[in-house]
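Chemist: First, the structure itself, so that you have it in front of you.
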Amino acid sequence: PDGTLAGTAILVRRTFAHNFKVVGHILVPGYVQSVNFKPLAQVNQAFPYFTKAFTTTNVYLHSSSSTTKRRQLKIFERSSVPHPYHFVGGDWNVVSHPDDASSGRQSSKKTRKALDRAIRRRGLKEVWHPAKTKLSGHSPPSVSRLDRWFVSLSEGEKAVMVPRIWLPPHPH
Numbered sequence: 073p074d075g076t077l078a079g080t081a082i083l084v085r086r087t088f089a090h091n092f093k094v095v096g097h098i099l100v101p102g103y104v105q106s107v108n109f110k111p112l113a114q115v116n117q118a119f120p121y122f123t124k125a126f127t128t129t130n131v132y133l134h135s136s137s138s139t140t141k142r143r144q145l146k147i148f149e150r151s152s153v154p155h156p157y158h159f160v161g162g163d164w165n166v167v168s169h170p171d172d173a174s175s176g177r178q179s180s181k182k183t184r185k186a187l188d189r190a191i192r193r194r195g196l197k198e199v200w201h202p203a204k205t206k207l208s209g210h211s212p213p214s215v216s217r218l219d220r221w222f223v224s225l226s227e228g229e230k231a232v233m234v235p236r237i238w239l240p241p242h243p244h
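Here it is as C-alpha cells:
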C-alpha cells in the first residue's frame, strides 16, 4: 500500500521465541526492521534461552539511489536499540573496498562514509566473510560482496563466542 518495492523479513522459530518477549519494529518499510528479544523472568530450559536481552536488525538498502541509501543509513544510525547486544545483517548494497568487487569499483565516497559512520555510532564490528553474493547480469559478469553482518560484541566477547558467517558456496 505504501509503494514499497522491497521487502525484509525476520523469521523467528516458535521454540526460539518461547523464552523471550519478542517485539518487532519497522524502521524503514521494506528496507530496515528490528526485533527485540527480552528474556522472560521464568524460562523453560527445554527451549533455547539467553540471560541477556538483544536486538537483531535486518537491512536491505536501496539498490540504486545513493541518496536513498544515505537516508536509510541515517534512520538506522539514529534508531533506538534498547539492549547492549545488537546483531545486524543484510544486503547493504554498498561496496566499501575495491577488493569487495571484481570490477574494483566502490560505492560513492559519501555512501561509504555514511555506512562507516552508522556502523561506528552503533558500536558495531563486522563479522567478515569472503563470499561475493551479488552477480551482475553483465557480460562478462561481475561479482560483489554486499551481504554483511555486524555485531556489538566486545573483543573479549568475540573471543569467547567466536561469531561466524557461513554462506553456501555458489559457482561464481
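All residue numbers for the sequence shown refer to our numbering, where the first residue is 73 and numbers rise by one. Each residue gets a CB set at the ideal place from its N, CA and C atoms; glycine is no exception. Since this is a predicted model, take the numbers as computed values, not measurements.
Buried or exposed: which applies to threonine 87, given that a residue is buried once 16 or more other Cβ atoms fall within 10 Å of its Cβ?
Modeler: exposed
Chemist: Put lysine 93 into one of helix, strand or coil per three-state DSSP.
Modeler: strand
Chemist: Is the beta carbon of phenylalanine 119 closer than 9 angstroms to that of histidine 158?
Modeler: no
Chemist: Looking at the unbroken beta strand (DSSP E) that takes in glutamine 105, where does it start and where does it end?
Modeler: Element bounds for glutamine 105: 104-111.
Chemist: Which residues bound the beta strand (DSSP E) around threonine 139?
Modeler: From DSSP, threonine 139 is part of no beta strand (DSSP E) but of the alpha helix (DSSP H) over 138-150.
Chemist: State yes or no: is the C-beta of valine 95 within less than 9 angstroms of the C-beta of threonine 80?
Modeler: no
Chemist: Tell whether a beta-carbon distance below 9 angstroms holds between valine 107 and valine 84.
Modeler: yes
Chemist: Measure the alpha-carbon distance for isoleucine 237 versus histidine 201 and round it to whole angstroms.
Modeler: 6 angstroms
Chemist: Cα-Cα, which of Val160, Tyr121, Asp171 and Arg143 is closest to isoleucine 82?
Modeler: Val160
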